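See below for the structure under consideration.
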Amino acid sequence: MESVMDILDKHNKKGMFIVMDNCRIYHSRFVVDAINQRGYKPLFMPPYSPFLNPIEECWSKIKKNIRRNPLDKSDMLTPHIAEACKQVTVADCQGWIRHAESYRDRCIEREVGLK
1 MESVMDILDK HNKKGMFIVM DNCRIYHSRF VVDAINQRGY KPLFMPPYSP
51 FLNPIEECWS KIKKNIRRNP LDKSDMLTPH IAEACKQVTV ADCQGWIRHA
101 ESYRDRCIER EVGLK
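If you use UniProt numbering, the sequence shown corresponds to residues 1 to 115, in order.
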């Protein structure tokens with residue numbers, strides 16, 4: 001967390017939200033206090049909200065590509081995963097980010113029933 005805030009400091013981003021999933025450690029007083037003391041605001045994603053996390057959509061595409069091309073007995077897993085990753089495009093990433101951002105205000109307002 002410190003390294004993330006160091007980068008934000010270099011780009012003059014004080015006052016920004018640091019968005020986190022609901023991993024138990026992120027809710028600790030130590031983490032929340034550290035974020036507040038550095039001038040940022042902790043914000044937790046709603047439970048069960050992978051649509052707010054672009055990396056979840058990326059993993060979904062990679063897994064789909066792997067399932068589409070099952071391994072043969074002689075295939076190695078690592079190159080198979082690498083090939084599936086190559087199918088993720090810049091446009092995919094931009095779309096996933098736009099999709100997550102479309103929920104930003106509703107998330108900040110803690111709207112119930114996001115999907």
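Heads up, the beta-carbon is just placed ideally off N, CA and C, and yes, glycines get one too. Note that this is a predicted model, so its numbers are computed, not measured.
Kindly indicate if chain D contains any beta-carbon less than 8 Å away from that of residue i.
i  : result
D9 : Protein chains in the displayed structure number just one, and chain D is not present.
Closest to residue i by CA distance: which of the options is it?
i   : options           : result
C93 : Y26, V4, N53, I25 : N53
M64 : P47, F51, E83     : According to the sequence as given, residue 64 is Lys; it is not Met. It is E83.
G15 : N36, V32, Y26     : N36
A34 : V4, I97, A100     : V4
C85 : D6, I62, H27      : I62
Residue i to residue j, Cα distance in whole Å?
i    : j   : result
T89  : K41 : 32 Å
E107 : P46 : First, the residue type needs correcting, since residue 107 is Cys and not Glu in the sequence shown. Rounded to the nearest angstrom, the two C-alpha atoms are 7 Å apart.
K12  : N22 : The amino acid at residue 12 is misidentified as Lys; the sequence shows Asn. Cα to Cα, the separation comes out at about 26 Å.
D75  : I66 : 12 Å
R29  : E2  : 15 Å
R38  : V31 : 11 Å
D9   : L43 : 18 Å
I25  : F17 : 18 Å
E109 : M20 : 15 Å
G95  : W59 : 14 Å
Y48  : Q87 : 26 Å
D105 : I97 : 14 Å
So, for residue i: in the same chain, excluding its five sequence neighbours on each side, which residues have a beta-carbon less than 6 Å away from its beta-carbon?
i   : result
P50 : E56
A91 : none
Does DSSP put residue i in a helix, a strand or coil?
i    : result
L43  : strand
V32  : helix
V19  : strand
F106 : According to the sequence as given, residue 106 is Arg; it is not Phe. Note: R106 maps to helix in three-state DSSP.
In terms of residues, what are the limits of the alpha helix (DSSP H) holding residue i?
i   : result
V4  : 2–10
Q87 : No alpha helix (DSSP H) holds Q87; DSSP gives it neither H nor E.
I25 : Where I25 is concerned, there is no enclosing alpha helix (DSSP H), given that its DSSP letter is neither H nor E.
N65 : 54–68
Within its chain, find whatever has a CB closer than 7 Å to the CB of residue i; leave out the 5 residues flanking it on each side and keep chain order.
i   : result
R68 : none
Looking only at its own chain, which residues have a Cβ that is under 8 Å from the Cβ of residue i, when we skip the five neighbours before and after it?
i   : result
H80 : I66, N69, L71
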